[in-house]
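Remarks on the structure that follows.
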């Protein structure tokens, strides 16, 4: 029996949409463009975002907010690497944190030498750092898709 356009294995209200977001530009990306061996450097394993990376975060946050997608996100799953957490918090976090707010900061001021203001946990989805989403260094190919 063939499924018609109106039938599916699961009803739409029981399905979830998953969006995959790659981290913004990190210091390791800049160094890796100069010398591919830098991608395997232990010193750059947990690289922070660059100023361009933070600009990319701001652009994506604006798009996610304007499109209405920000209100639909139920959970953010992220690798425990600094660059991925900075990207996720910058895009999906609750905005600028102010002292006296009823929620704690999701990111403290200047996290990872970012020079950025703290980001609030107010009105944002929960975040879950999952080691299984962490980038692996073996056979690293620039611009490949990975779980981060």
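Residue numbers (the working numbering): 10 to 157.
Here a beta-carbon is modelled for each residue, glycine too, at the ideal position from N, C-alpha and C.
In this text, all values refer to a predicted model and were calculated from it rather than measured experimentally.
- Within the DSSP bridge table, the entry for residue 104 names no partner.
- Assigned with DSSP and collapsed to three states, residue 46 falls in helix.
- Rounded to the nearest whole angstrom, the C-alpha separation of residue 60 and residue 133 is 24 Å.
- Between residue 122 and residue 57, the C-beta gap is smaller than 9 Å, which places the two residues in contact.
- For residue 116, the beta-bridge partners assigned by DSSP are 128.
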